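Structure, as structure tokens:
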Amino acid sequence: MVALRTEEVSGGRKSVAAQSMKGIKKLGGTVKYLPWLAGVGLYVGMAGMWHFRIAHPHFLPLVSLVVLLVASSLVAVLAGLWRLVRGPRRWYGLRLLALGTLPAALLGLHVAWVLRSEVHEFGYDLRLLIPLAESVMDLEARIRYPRRTVGRKVVMIHAGVANPEEQVEAMDRHIERMERLLGHEAPGKVHWVRGELLGYPGLCLRGIAIGSRQRGRRTAPDGLEFVDHHEVAHWTINTIERPYAVAPPAALIEGWAQSQSVYPPAELYREPSADREEDTWMPLAELVAPGRPGADRRDRAYTQGGVLVDYLLTRYSGPAFFALYQGCTSDGLDADCQRLLGCDLNQLDRAYSRHVDDMVDRHGSYSQWCLEELRCGPGVDPAGWQQFVRKYVASVKNLGDLYNPSRVTLEYTSRRHASPESVSTSHIDFALSGPCAACDYRSDKSRGLTLAHPARTWELFRGRSSADRWVNRSRAVDQDAVYRLALRKVSSDLRASLLPSLLHAYMNLVELPSVVQVAELRESMEEDGPRARVTIERLDGGSKERQTWIFAADRAYVAVRMTEFRNFEGKPATWHWEMQYDQHDGKPMLTRMSVKTTSEDGRLLWEQELKVKDRRFGPVAEDYFRLQTHDVDGSQITEATGPPARTTEESPTPWWRAKLFWGFMAWAVFALVVGLLPLRMDGGRR
Ligand SMILES: [Zn+2]
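Numbering of the sequence shown is given in the numbering used here, commencing with residue 299 and proceeding in unit increments.
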């Protein structure tokens, strides 16, 4: 009886164990298909959302599929490992592990492929991932930025910003202005996020524009930051984007967003006008050439692209630009321009580069343009400032011309009080005479020589030791361009040394009209004569950087003193400048300039002095512009290597991205190879 009962119980146990084993096997059988189901579902979902232009997908569909993919891949890994370690049929375990994780490996490879560089071409590999990125961003935004402020064209997603309604209203007006400009109404609303998503601080995908975190840094007059204007401008023009259309060149995409960022015009034109001035302009055909751009071309998509679009908008109108932007074909921009604008790329290149020159000429000079655009602080009358700029520029502008022709020798001394024994002295000889210019610089550390002559131009540099060879740094194919560049460099160096003014030197503040303001403008009679006092200060980043200039109104508005607050070796310091002049031809000419740098508690940190040791007006003999005159042996010159000047460094892609790509690649190849090997190695099908 007892034995029978035991028999029965153990028999029941056996059958339960066998059943659950069967269940687990069945589940294992299903689990190995799940990653594939989730993976295929995910790609169908992404392609569908792209195809049907779902601009701002809810996170649930795609994120659930990703979670399912990851979870079922993990189960496949565990089940595969279990079989691999415990046996029997270890080969089957390895195959389960490999094939079960292949969909996740392929998705990882796809993402890593798109992220492998900072430059994203708008190909289908990227387009397919955008709905997924937007879904994950939607989830992240719900957690990090719980607040929503809704306007006519905007849903602002934030974690609490000052005056949200006011900011949404300003953005609505920004979008409506662009709609009127393009003659196109953007359907729907942009999801404008105030802060990073997925680690991106500024980005626009289909329905999401990631803007600034807080107001207060680089702001436009409407109180919004430039980056907000920029990213939402991308959204406004892309809302009728067709899913399979050819993307316009980056110069049109970024150029449009830059042109609508509401920068002061002088700031939009800063880099392009410097490129025109320095002969570093990139031809349009090169700027819009197909293929992955280097760092230089990528930066120019913003700078030259910005003025290109500004030109297209003013010359051809907003709707014509919109038609070109939307009508780009795989034939290239040259063909598109001919078809839609009636001009080819070269004609367009000439026209918009001339437009840049004209814009600068209209203001007299680039620096004058910046001065005219400076904002005025609360105590400064804008009309009074404009009047002062006109008067100031008229007096100062031509002072530099007095130095052509002339030869000037300067002595520069510098003493750091941290190491009083280290007084350094250097000498600079400037010569300007008609079409020729020279700058010969000697210090105890190095020597530099620039000779600009229409027939032979040199830009040489040598280390301190006489054994060091001269290195020629002026490398370009176009010798005429080398000459013009050297000529401009010498005369601008001379102006920077001998004409301390708002126009010729210390432009670091004035060149940023969007972040500085005129805090003070006062003209008064002082003990030593009529004086004008101008203070320019930085507004961004909590920096207290500012310059106060004292100009002599009775001596062509030359600067007689300047006080500057900025950092010295990372700590706040004050720089006291004093200038002395004598007369030539009835005009004031600098003879001495001294600078004392003091710490916050008044300690002297650094003293510098520039003295004019010798100055002779009149033509300089042509022989002066030869190497022999400056004791340079032509056979001792080597050509410089490395990149030519003014190419931007490639911003490094984070190291892990390349590793990530190769990691997924290795995984996918392994899974494919193991998965494709014949089943027989395991002794036949299960
Ligand atoms: Zn952009």
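Heads up, the beta-carbon is just placed ideally off N, CA and C, and yes, glycines get one too.
Predicted model only: the values in this text are computed from it and were never measured.
Just the Cα atoms here: how many angstroms apart are residue i and residue j?
i	j	result
N644	A431	39 Å
G589	E419	8 Å
Y855	L888	13 Å
V452	L479	18 Å
G500	A518	17 Å
R745	T936	15 Å
A851	A633	57 Å
E463	Y561	23 Å
S822	A692	20 Å
I287	H653	Absent from the structure is residue 287, since the part of the chain shown begins at 299 and ends at 984.
H472	R446	19 Å
G385	V434	39 Å
S790	E569	17 Å
N770	R786	18 Å
Y617	V605	According to the sequence displayed, residue 617 carries Pro and not Tyr. Going by the C-alpha atoms only, they are around 17 Å apart.
A457	R475	27 Å
E824	E671	29 Å
L646	D776	23 Å
E948	V373	Note on E948: pLDDT 47, under 50, position unreliable in the model; no value is reported.
R864	D679	26 Å
Q986	F759	Outside the displayed range of the chain (299 to 984) lies residue 986, so it cannot be described from this structure.
W965	F959	10 Å
G990	M877	Past the edges of the chain, shown from 299 to 984, lies residue 990, and the structure says nothing about it.
Residue i and residue j look like a contact to me (Cβ under 8 Å); what is the Cβ gap, rounded to whole Å?
i	j	result
P733	P752	5 Å
A468	G398	At roughly 52 Å, the Cβ-Cβ gap does not stay under 8 Å, so A468 and G398 are not in contact.
R459	W490	Rather than Arg, the amino acid found at residue 459 in this sequence is Val. 11 Å between Cβ atoms; not a contact.
Cβ of residue i within 9 Å of Cβ of residue j?
i	j	result
L335	L358	no
E1000	A794	Outside the shown range of the chain (299 to 984) lies residue 1000, about which nothing can therefore be said.
L908	Y690	no
E920	R713	no
L708	H725	yes
K894	L902	yes
S677	E818	Looking at the sequence provided, one finds Gly at residue 677 rather than Ser. Cβ distance < 9 Å, so G677 and E818 count as in contact.
V814	R673	yes
R442	L495	yes
R613	A583	no
L1010	L639	With the chain running from 299 to 984 in the structure shown, residue 1010 is simply not present.
F866	W873	yes
R574	V658	yes
F849	R836	no
G343	A402	no
H532	A572	no
Who are the Cβ neighbours of residue i in its own chain at under 6 Å, not counting the five residues just before and after it?
i	result
L749	A736, W756 and F923
V607	G553, W554 and S557
T846	T833 and T861
L796	L888
R425	W348
A545	F420
V721	R713
L975	none
H1018	Here the chain covers residues 299 to 984 and nothing more, so residue 1018 does not appear.
Taking the alpha carbon of residue i as the reference point, which residue from the options has its own alpha carbon closest?
i	options	result
V930	D766, G521, L611 and G458	D766
D423	A410, M435, N865 and R446	A410
L566	W683, G603 and E494	G603
R351	H456, A543 and W953	A543
N696	H802, V488 and Q684	H802
S415	R471, A956, L669 and I441	A956
E524	N536, G486 and P563	The amino acid at residue 524 is misidentified as Glu; the sequence shows Phe. Comparing Cα-Cα distances from F524 to each of N536, G486 and P563, the minimum goes to P563.
L376	G346, W348 and K330	K330
M580	D629, W533, L631 and S651	S651
D880	A871, S370 and M891	M891
Y664	L810, R754 and F849	L810
R511	G346, K487, R492 and T537	R492
G625	T601, L730 and I535	I535
A345	P541, F620 and P444	P541
Ignore the nearest five residues each way along the sequence and tell me which others in residue i's own chain have a CB closer than 8 Å to its CB.
i	result
A599	P547, A548, A549, I551, E552, G553, L585 and P591
L340	L360, L363, V364, L367, L405 and L430
L700	H882, D883, K885, M887 and F915
Near residue i, what residues of its chain come up, given a Cβ to Cβ distance below 7 Å and the 5 sequence neighbours on each side ignored?
i	result
R381	R387, R388, Y390, G391 and L394
L413	R955
R740	S724 and H725
D577	A779, R782 and L783
A396	F968, A969, V972 and G973
L631	P547, V586 and L643
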